[in-house]
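Let me begin by presenting the structure, written as structure tokens, before commenting on it.
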Amino acid sequence: MQKINKQNFNQQTSNFLIQENISLKDKNWFQTGGNARYFAEPFDNATFAQSLNFAKEKNLEIFVLGEGANILISDDGFKGLVIRPQLKEIIFNNDFVTAGAGVKFQNLIDICLDNNFSNLEEFSGIPGTVGGSAFINIHYFEFLLSQFLISAQVIEKQSGKILDVDNSWFNFGYNNSTLQLKEHFLLNATFKLKKINEIESAYCKGRRDEMIRHRAKRYPTKGTCGSFFRNFYENEVTLESGGKKLIFVAYYLDKIGVKGVLKVGDAIVSHQHANMIVNLANATSNDIIQLTQKMQNLVKEQFGIVPQPECQLIGF
Ligand SMILES: Cc1cc2nc3c(=O)[nH]c(=O)nc-3n(C[C@H](O)[C@H](O)[C@H](O)COP(=O)(O)OP(=O)(O)OC[C@H]3O[C@@H](n4cnc5c(N)ncnc54)[C@H](O)[C@@H]3O)c2cc1C
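Heads up, the sequence shown is in numbering that gives the first Met the number 0, so the first residue is 0 and it goes up one at a time.
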């Protein structure tokens with residue numbers, strides 16, 4: 000355990016610790032990977048800034064961890080500082096809700112519905128925190144998080160300066176946001192809600208429960224990062240169906256017949272979804288990487304295109 004040197008920071012840091020050599024295996028959905036050299040769990044904006052300062056002084060790389068639902072961590076771990084924000088405040092203000100980066104998105108949905116506010120339930124059952132969800136701009140069918148995110152506070156990596164930003168700052172697209180430049184990290188985000196009555200709320204809760212039930216049947220629910228590869232961009236593919244470009248990577252993976260069959264060690268392509276990989280029990284991150292390379296090679300051989308990861312590779 001390493002205690003932050005108080006003299007280096009403006010804010011009180013009496014009970015804020017930077018830990019050393021902390022396992023990341025139990026902190027991500029794949030349940031693989033090595034240790035973090037340094038690990039911090041800031042509980043407010045000041046301790047977040049202190050964590051950044053610690054990394055700056057030691058010249059460490061930074062990785063901000065959410066629920067670990069869209070990452071693969073190297074078996075060698077991460078040599079820098081892993082920051083897992085514990086910013087968990089949820090504040091309602093008229094038809095808006097502001098949630099800390101560390102809030103689990105499903106908790107936010109549940110609390111909104113309990114307070115008779117709808118909009119966010121379209122993302123029911125998608126694992127992750129508010130921070131990780133804004134990073135990738137979570138999406139489900141026609142809904143993107145960016146349709147609801149109004150504003151946010153982000154912290155600048157270099158200076159620790161906190162900025163108030165609006166939706167346009169994020170430059171949101173499919174699987175895309177300014178956060179991916181890794182110059183800023185999300186502290187909190189504000190979403191536009193719709194006030195509903197008790198009956199409408201009961202309907203939305205039913206819809207939420209049905210979506211979760213449906214997803215549990217359709218996708219693996221543990222030992223996975225969800226979709227490993229992103230869908231193709233239209234300019235990357237030539238195949239069409241009904242006049243539309245076939246951009247869905249799962250289509251190509253299905254065609255090569257890997258579902259529930261292709262395997263390296265304990266890493267297997269899910270029998271439920273051709274673009275999802277599952278750790279059956281004791282897979283390593285290296286097994287998963289080897290499996291994804293096999294999948295890429297097979298798609299390339301048959302279709303001449305190479306699927307690209309959506310999953311974030313950490314420490315490789
Ligand atoms: C079973 C399953 C189903 C899924 N289904 C879907 C789906 O339908 N739609 C969809 O869009 N996604 C889906 N995903 C992917 C995943 O749920 C999302 O990407 C989710 O938002 C990840 O959030 P996280 O907190 O776990 O982020 P992590 O996996 O911990 O991190 C992902 C990235 O976000 C960055 N990040 C995290 N917090 C912050 C922050 N505060 N500031 C800046 N960057 C940050 C990390 O540095 C990392 O680069 C699924 C995943 C699983 C396991």
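Cβ coordinates follow ideal geometry from the N, Cα and C atoms, glycine included.
Can residue i and residue j be called in contact, C-beta distance under 9 Å?
i, j, result
"A54", "N27", "no"
"I246", "G259", "no"
"N166", "I149", "yes"
"V298", "P308", "no"
"P41", "I82", "yes"
"N265", "L279", "It should be pointed out that residue 265 corresponds to Asp in this sequence rather than to Asn. A contact, by the Cβ cut-off of 9 Å."
"F231", "K244", "yes"
"G130", "V236", "no"
"K103", "G127", "yes"
"N34", "G76", "yes"
"S200", "F29", "no"
"N44", "L162", "no"
"F116", "K221", "no"
"N174", "R229", "yes"
"F147", "L119", "yes"
"F134", "Q105", "no"
"F122", "I137", "yes"
Mind checking who residue i pairs with in its DSSP beta bridge?
i, result
"F190", "V96, L148"
"Y37", "E19, L80"
"P308", "F228"
"D165", "S150"
"V277", "I267"
"G172", "N175"
"L185", "V153"
"V63", "I82"
"F47", "In DSSP, F47 forms no bridge with anything."
"I195", "For I195, which the question treats as bridged, DSSP gives no partner whatsoever."
"Y139", "F142"
"I313", "I72"
Looking at residue i and ligand 1, is the gap between the Cβ and the nearest heavy atom below 8 Å?
i, result
"G264", "no"
"G130", "yes"
"N274", "no"
"E155", "no"
"P84", "yes"
"N170", "no"
"Y218", "yes"
"A98", "no"
"E19", "no"
"G79", "no"
"E66", "yes"
"P319", "Residue 319 lies beyond the residue range present for the chain, which begins at 0 and ends at 315; the question has no answer from this structure."
"T223", "yes"
"Y139", "yes"
"S150", "no"
"I89", "no"
"V248", "no"
"F315", "no"
"R206", "no"
Which of helix, strand or coil does DSSP assign to residue i?
i, result
"Q1", "Any answer about Q1 is weak, because its pLDDT of 39 lies below 50 and its placement is not dependable; what the coordinates show is given next. Reduced to three states, the DSSP call for Q1 is strand."
"K160", "coil"
"Q10", "The pLDDT assigned to Q10 is 37, lower than 50, so where the model puts this residue is not dependable; a value taken from the coordinates is nonetheless given after this. Residue state, collapsed to three classes: coil."
"T128", "strand"
"A266", "strand"
"L238", "coil"
"K243", "strand"
"S284", "helix"
"I211", "helix"
"F134", "helix"
"L261", "coil"
"S73", "coil"
"L297", "helix"
"K103", "strand"
"F116", "strand"
"I110", "helix"
"F91", "strand"
"T291", "helix"
"F53", "helix"
"G303", "coil"
"G222", "coil"
Kindly confirm or deny that the segment 43-63 and the segment 153-166 touch, where touching means at least three C-beta pairs closer than 8 Å.
yes
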